[in-house]
Amino acid sequence: ETAEFFERSLCAANYKSHVKTREINERIKINGSKSENLKSVAENRKSKFLAFCGLGNPRGFFEQLRGENFNLAATEIFRDHYFYRQSDVEKLEEAARKTGADALLTTAKDAVKLSDLRFKLPCFVAESEIVFAGGNDFYDWLSAKLEDARKRV
Numbered sequence: 037e038t039a040e041f042f043e044r045s046l047c048a049a050n051y052k053s054h055v056k057t058r059e060i061n062e063r064i065k066i067n068g069s070k071s072e073n074l075k076s077v078a079e080n081r082k083s084k085f086l087a088f089c090g091l092g093n094p095r096g097f098f099e100q101l102r103g104e105n106f107n108l109a110a111t112e113i114f115r116d117h118y119f120y121r122q123s124d125v126e127k128l129e130e131a132a133r134k135t136g137a138d139a140l141l142t143t144a145k146d147a148v149k150l151s152d153l154r155f156k157l158p159c160f161v162a163e164s165e166i167v168f169a170g171g172n173d174f175y176d177w178l179s180a181k182l183e184d185a186r187k188r189v
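Residue numbers (my numbering): 37 to 189.
Next up, the structure:
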């Protein structure tokens with residue numbers, strides 16, 4: 037949500053000289069006994085995920101995962117700021133089994149609310165960040181805009 041707001045703000049300011057992309061960072065499992073990283077699991081073509089989240093724009097999260105070639109067997113949407121219970125984890129794991137998913141995949145925002153719950157299937161956390169092409173050009177542009185704003189105050 038913050039990334040999308042920032043991107044819209046930049047577009048509204050007519051800053052278009054740099055490509056803006058979001059990438060999934062490598063993250064490890066929640067409650068995992070093995071330290072497997074997300075990208076190495078996703079690169080294994082046999083890995084299928086049930087992705088779930090409680091975001092204001094859940095479809096954006098799923099589209100981003102598909103765009104980075106994550107094999108999604110299914111998706112589940114919870115309302116924004118959802119408070120997860122153990123019964124939710126059990127339902128997600130059952131849905132994963134029915135759809136052939138090997139693991140669960142969620143957002144960093146949701147992972148915070150899941151850390152005290154028990155998982156039988158691996159549950160991975162995908163965290164995205166905005167990456168600007170063009171090196172320091174963006175930061176120079178932003179610094180100039182901030183300096184202009186400071187002068188007007």
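Even for Gly, the Cβ is constructed at its ideal location relative to N, Cα and C.
Any idea what DSSP makes of residue 157, helix, strand or coil? Translated into positions along the sequence shown, residue 157 becomes position 121. Coil.
Top-ranked residue by Cα proximity to residue 89, from 143, 177 and 160: The residue labelled residue 89 in the question sits at position 53 within the sequence shown. Selected option, being the one with the closest Cα: 143.
Based on the DSSP secondary-structure assignment, which residues constitute the bridge partners of residue 85? Position 49 of the sequence shown holds residue 85. Partner(s): 108 and 139.
Out of 145, 103 and 109, state which residue places its alpha-carbon closest to the alpha-carbon of residue 134. Taking the sequence shown and counting its residues from 1, one reaches residue 134 at position 98. If we check each option's Cα against that of residue 134, 109 comes out closest.
Residue 138 versus residue 189: straight-line alpha-carbon distance, rounded: To locate residue 138, count along the sequence shown from 1; it is residue 102. To locate residue 189, count along the sequence shown from 1; it is residue 153. Going by the C-alpha atoms only, they are around 55 Å apart.
Other residues of its chain near residue 131: CB distance less than 7 Å, five sequence neighbours each side excluded: In the sequence shown, residue 131 corresponds to position 95, counting from 1. So the qualifying residues of the chain are 86, 110 and 112.
Under the rule that 16 or more other beta-carbon atoms within 10 Å means buried, what is residue 175, buried or exposed? On the sequence shown, position 139 is the one that residue 175 refers to. Label assigned to residue 175: exposed.
Going by beta-carbon coordinates alone, are residue 91 and residue 116 separated by less than 8 Å? By 1-based counting over the sequence shown, the position of residue 91 is 55. By 1-based counting over the sequence shown, the position of residue 116 is 80. Yes, the pair counts as a contact, with Cβ atoms nearer than the cut-off.
So residue 119 packs on residue 145, CB below 8 Å; how close in whole Å? The residue you call residue 119 lines up with position 83 of the sequence shown. The residue you call residue 145 lines up with position 109 of the sequence shown. Residue 119 to residue 145, Cβ: 12 Å. No contact.
What whole-angstrom Cβ distance do residue 102 and residue 122 have, given they're in contact under 8 Å? As a first step, residue 102 is located in the sequence shown; it is residue number 66 there, counting from the start. As a first step, residue 122 is located in the sequence shown; it is residue number 86 there, counting from the start. Not a contact, Cβ separation roughly 29 Å.
Out of curiosity, what's the CA-to-CA distance linking residue 156 and residue 106? The residue you call residue 156 lines up with position 120 of the sequence shown. The residue you call residue 106 lines up with position 70 of the sequence shown. If you take the alpha carbons of residue 156 and residue 106, they lie about 21 Å apart.
Measure how close the beta-carbons of residue 160 and residue 140 come, nearest whole angstrom, since I'm counting them as under 8 Å. Locating residue 160 in the sequence shown gives position 124, counting from the first residue. Locating residue 140 in the sequence shown gives position 104, counting from the first residue. Indeed, because the Cβ distance is near 7 Å, the residues count as touching under 8 Å.
From residue 96 to residue 84, what does the alpha carbon distance come to, in whole angstroms? The residue labelled residue 96 in the question sits at position 60 within the sequence shown. The residue labelled residue 84 in the question sits at position 48 within the sequence shown. Those two C-alpha atoms are separated by around 19 Å.
As a quick exercise: from 151, 163 and 158, pick the residue whose alpha carbon is nearest that of residue 129. Reading the sequence shown from its first residue, position 93 is the one you call residue 129. The residue with the shortest Cα to Cα distance from residue 129 is 158.
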